[in-house]
Amino acid sequence: MKQTLAQKLVARAAGRRSVTPGEIVTCKVDLAMVHDSSGPRRVKPMLERLGAKVWDPKKLVVITDHYLPEYDDESRKILRIAREWVREAGVDNFYDKQGICHVVLPERGHLQPGMFAVGGDSHSPTGGAFAAYMFGVGATEMLGVLVTGEIWLKVPHTIAMEFDGAFGKGVSAKDVMLFLIGRFGLDGGQYQAVEYRGPAIRKLPMQERMTLCNMTAELGGQTGLIASDETTFEYLGKGEVWNGDPDAPVLAHHRFRADELAPQVAAPHSPANTRPASDFSERIDLAYIGACTGAKLEDLRMAAQVLRGRKSRVKLQVAPASLRDQQTAEREGTLKVLLDAGAELLANSCGMCAGYGEHVLGENTVAISTTARNFKGRMGAASAQVYLASPYTVAASAVTGRITDPRGMLQ
Amino acid sequence: MKAWVFGDNVDTDAIAPGRYMKFGIEEIARHCMEGVDEKFSRTVKAGDVVVGGRNFGTGSSREQAPEALKHLGVSALVAESFAGLFYRNAINLGLPAVVCPDAKRIRPGDELRVDYAAGKITDLTTGETLRAEPIPPFLAQLIRDGGLLPHLEKRLRTTS
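Quick note, the sequences are listed as chains A and B, same order.
For the first sequence, my numbering assigns the number 1 to the initial residue and increments by one for each residue that follows.
For the second sequence, my numbering assigns the number 1 to the initial residue and increments by one for each residue that follows.
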């Protein structure tokens, strides 16, 4: 029987030769990742109640990113629990103040094609960019994994999103996802596996592929997947080919011409509220370049392409997604371009994207942001208006003070 | 068993706002749904049922979303469809999440009886019976045990 990439990955983890979409299987987990919010502070009391230990501390990665920088008693306590617990539990894979979990995890070599992984965060499908089956779970379900090393799964159907040709100048993975979410809705992925394919996807660098899989969360898929290839191996330094059988049956196969896609913007208060950037001209108060989905090295480079030699007319805040990406951006001059444009540099953490910390949106603020969700009140005040867009579009809008199609600034 | 009816795509930031995540469930529950219905957390009664449209619980993996609803006494969730991650979280906490294609027929305040294992919702106010998807037996067992944590507790006790 022909198998999709998702089926092959699930079959391996279930110890089976093949699996059928819809059947329920139990999978062995190769890797579990938690952060400070969903991790130690939630699972520690439950493990104690059970008198249980982590099934295999080598397979657990703990990353702090939500309550950084610590700013009050509660956040200090949450971080303290995380730091103490990794020692008690014997977890060596602990990254503190290194950046956002979805970016740090592959950056430090924890993901490999063929793996089956779970993360205690909804944007865990990011790992699918490396041809690993990775999805998000809540704290209690994570407890189950930590105790048993296993998890149940309804074998997903695959929804194929194929892009022919090549994306145009000023069009990025974020535009692809805002377009798809606008077209198919927040439940378009039907909690199945969404596989991104085609020549335009093959040409994308690794971190752009991560953005596609990351925002599969907003598309409502369980995971987003991309077959591994030379780009994957170059990023990881090694790796196996994992791909689906050609002509394996899929639930739906959507084909698009990449060169027809324009920069997209999602208006308040839903990532599905999407139209081409050129339809908008709203005034903004703040431009925010942050989050796992919007402030990786590739994202900072896109913003810098627009901002080189220009100044932001509005408050511009940049929170690079990982410390390592920030250091690379500093070395290569990308960061200087952003700072010269007037950007204020914030910590390598989730920050405003999820409404954590001291930098959140004030009353009636109109913001354009590279983050993943613009639900009412998520990034701060309920009266704030958040537009989602690519780093190119956010940078161009910062320069003009209005929502702006970036292509005119990339000549 | 009064029904509280909400629309499509009710997100986890509405159910359990991120700015309260640093607190315990008591404080989070106090702000449950405040962006959608300010009175909800103060007036919902033990046993009430929350009814949603499509994709109920979209967004974050934070299980404090279903946990807050459960903490307030909500006995079951009924929706046309649930966001997958939220669905798993609800069941893992022992809160039945029942998929009912006709959920939109339920009116606010209707008296409901929900049989999650059989997949049957009785609207006592209208006299209608709505067909729902039965929760698979192994998940129904999780719910009967009170969620994954007590379920594991039971399992570890019997194996040791």
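From the three backbone atoms N, C-alpha and C, an ideal C-beta is built for every residue, glycine too.
The model shown is predicted, which means the values in this text are computed figures rather than measured ones.
DSSP places Val5/B within a strand segment (E or B) once states are collapsed to three. Below the 9 angstroms Cβ cutoff, chain B contributes Lys22 and Phe23 as neighbours of Glu74/A, in chain order. A check of alpha carbon separations from Gly401/A across Tyr288/A, Glu298/A and Val360/A identifies Tyr288/A as the nearest. Burial check for Tyr116/B: the Cβ neighbour count within 10 Å reaches 16 or more, so the residue is buried.
Closer than 9 angstroms at the C-beta level to chain B, one finds these residues of the region 361-393 of chain A: Arg373, Phe375, Lys376, Gly377, Arg378, Met379, Gly380 and Ala382. Leaving aside the five residues that flank Val44/B on each side, the residues in its chain whose CB is nearer than 7 angstroms to its CB run, in chain order, Trp4, Leu72, Gly73 and Val74.
Here Phe375/A has His269 and Ser270 as same chain residues with Cβ atoms under 8 angstroms from its own Cβ, once five neighbours each way along the sequence are excluded. If the five residues before and after Ile226/A are omitted, its C-beta is found closer than 6 angstroms to the C-beta atoms of Ala129, Tyr196 and Arg209, all from its own chain and listed in chain order. A distance below 8 angstroms between beta-carbons, with the five flanking residues on each side excluded, links Asp247/A to the following residues of its chain, in chain order: Lys2. Judged by DSSP in its simplified three-state form, Pro106/A adopts helix. The CB of Leu143/A comes closer than 8 angstroms to the CB of Leu148, Leu149 and Leu152 in chain B, given here in chain order. With contacts defined as CB atoms closer than 8 angstroms, Gly57/B and Ala354/A fail to qualify as a contacting pair. Taking 8 angstroms as the threshold, the shortest C-beta distance from Asp102/B to chain A does not fall below it. Rounded to whole angstroms, Asp73/A and Val250/A show a C-alpha spacing of 50 angstroms.
By the 16-neighbour rule on beta-carbons within 10 angstroms, His151/B is buried. When DSSP states are grouped into helix, strand and coil, Ser349/A belongs to the coil group. Beta-bridge partners assigned by DSSP to Trp152/A: Thr26/A.
If you compare the alpha carbons of Gly7/B, Gly59/B, Phe40/B and Arg144/B with that of Arg378/A, the shortest gap goes to Gly59/B. Collapsing the DSSP output to three states places Tyr387/A in a strand.
Across the set Gly333/A, Ser312/A, Ala396/A and Ser369/A, the C-alpha of Ser312/A shows the shortest separation from the C-alpha of Ala343/A. Contact note: Met46/A reaches chain B through Leu149, using a C-beta cutoff of 7 angstroms and chain order. For Ser75/B, no Cβ of chain A is located within less than 8 angstroms of the residue's own Cβ. Chain B places no beta carbon closer than 8 angstroms to that of Tyr95/A, leaving this residue out of the contacts. For Thr126/A, the closest Cβ of chain B is not nearer than 8 angstroms.
Taking one beta carbon from each stretch, the region 125-142 of chain A and the region 171-182 of chain A have fewer than 3 pairs nearer than 8 angstroms; the two do not touch. Taking a Cβ-Cβ threshold of 7 angstroms, the residues of chain B close to Val147/A are Leu152, in chain order. Listed in chain order, the non-local C-beta contacts of Ala132/A below 6 angstroms within the same chain comprise Leu111, Met115 and Ala117, local neighbours out to five positions each way being set aside.
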